[in-house]
Amino acid sequence: MYNIAKGTEFLCDQSKGNSWKCEKQFNENWRKAQEHIGSTTSAVFEILIFAHNGKGRNVHKVFVDAKKCSCGKWVNYHIPCSHAIKFCGVRGIEPKTYLSKYYTTKYYKRTYNATFTPVRDEIYLPPVAFSLVANTEYLRTSTNQCTRQRKNEMDIAPARMSRKCSICKETGHTKARCPRRNPL
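Going by the UniProt record's numbering, 34 is the number at position 34 of the sequence shown; the sequence numbering is gapless.
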């Protein structure tokens, strides 16, 4: 029996209470947020992204109350995207308050706190009372099928030139097998 939670302390940032993977993603989004421009209305915050190497020049809408952004990353990853971080920077809000609770150290440890029994080697497993039979419907067939395409002169390889001996200039053998060659 093993307990995985014993070795997870180094994976978690104890001071902030978030896992290191979450911190890494958050810091990457923070870096991207510094390149955005924001404009606000009453309910929607619009972010304009500068063009870099053919990317960008997009406008994304941030809905903070619903924790949504038009890019979809905030909903999928439960980490504020760079657009939401820019919104928080303009409004003076700490963006880490919008992180999901499932990235906290408490929930991370709870995930790996359960014990488990590793699978043993096959020789220790009990014998099975059945045998597996392959479904022949899914087996591969031979790939030597007749082609219906007719070959033209481009498909036919040219005949190889006959090799000539460089000593006697006759065909049928090479310099290595020439009967006129002087052995050393």
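Note that the Cβ used here is the ideal one computed from N, Cα and C, for glycine as well.
Since the structure is predicted, the reported quantities are computational estimates derived from the model, not experimental observations.
Should S142 be labelled buried (16 or more other beta-carbon atoms within 10 Å of its own) or exposed?
-> Your numbering for residue 142 matches position 142 in the sequence shown. It is exposed - the Cβ of S142 has fewer than 16 other Cβ atoms within 10 Å.
Name the one or two DSSP bridge partners that C61 has.
-> Within the sequence shown, numbered from 1, the residue matching residue 61 stands at position 61. Correcting the residue identity first, residue 61 is Lys in this sequence and not Cys. Per DSSP, E46.
So, are the CB atoms of Q25 and I79 less than 7 Å apart?
-> If you number the sequence shown from 1, residue 25 lands on position 25. If you number the sequence shown from 1, residue 79 lands on position 79. Yes. Within cutoff.
Where does the unbroken alpha helix (DSSP H) through residue 197 begin, and where does it stop?
-> Because the chain is modelled from 1 through 184, residue 197 falls outside the range shown and cannot be assessed.
Test item: CB-CB of F87 and V62 under 7 Å = On the sequence shown, residue 87 is found 87 positions in, with the first residue counted as 1. On the sequence shown, residue 62 is found 62 positions in, with the first residue counted as 1. In this structure, V62 lies closer than 7 Å to F87 by Cβ.
For the alpha helix (DSSP H) holding R110, just list the boundary residues, first then last.
-> As a position in the sequence shown, residue 110 is number 110, starting the count at 1. Segment T105 to T111, the alpha helix (DSSP H) holding R110.
Where does Y138 land, buried or exposed, given buried means 16+ other C-beta within 10 angstroms?
-> If you number the sequence shown from 1, residue 138 lands on position 138. That one is exposed.
Residues of its chain near N182, where Cβ-Cβ distance is below 6 Å and the 5 sequence neighbours each way are ignored | Taking the sequence shown and counting its residues from 1, the one referred to as residue 182 is at position 182. Contacts found: none.
Comparing alpha-carbon positions, which option in Y102, D65 and G72 lies nearest C22?
-> Counted from its first residue, the sequence shown places residue 22 at position 22. Per the Cα distances, Y102.
In whole angstroms, what is the alpha-carbon distance linking Y77 and L125?
-> Position 77 of the sequence shown holds residue 77. Position 125 of the sequence shown holds residue 125. About 40 Å.
Using the C-alpha atoms, what's the distance from E170 back to V180?
-> Stepping through the sequence shown from its first residue, residue 180 is reached at position 180. Stepping through the sequence shown from its first residue, residue 170 is reached at position 170. The question names Val, yet the displayed sequence has Arg at residue 180. Whole-angstrom Cα-Cα distance: 11 Å.
Cβ of C69 within 7 Å of Cβ of A84?
-> Position 69 of the sequence shown, counted from the start, is the residue given in the question as residue 69. Position 84 of the sequence shown, counted from the start, is the residue given in the question as residue 84. Yes, they are a contact pair.
K151 - DSSP class collapsed to helix/strand/coil = Here residue 151 refers to the residue found at position 151 of the sequence shown. DSSP places K151 in coil when its eight states are reduced to three.
How long is the line joining the alpha carbons of N3 and R120, rounded to whole angstroms?
-> Your numbering for residue 3 matches position 3 in the sequence shown. Your numbering for residue 120 matches position 120 in the sequence shown. Because N3 sits at a pLDDT of 38, beneath the cut-off of 50, its placement in the model cannot be relied upon, and the point is left open.
For K67 and W74, the rounded distance between their alpha carbons = In the sequence shown, the residue the question calls residue 74 occupies position 74. In the sequence shown, the residue the question calls residue 67 occupies position 67. So the alpha carbons of these two residues sit roughly 7 Å apart.
Mapping DSSP to helix, strand and coil, what is C22?
-> Working through the sequence shown from its first residue, we reach residue 22 at position 22. Here C22 sits in helix by DSSP.
For C69, the residue or residues it bridges with in DSSP | Here residue 69 is taken as the residue at index 69 of the sequence shown, counted from 1. DSSP lists V62 as partners of C69.
Neighbourhood of K32 by C-beta distance below 7 Å, restricted to the same chain and skipping five residues each side | Taking the first residue of the sequence shown as 1, we reach residue 32 at position 32. Cβ neighbours of K32 beyond the five flanking positions: S82.
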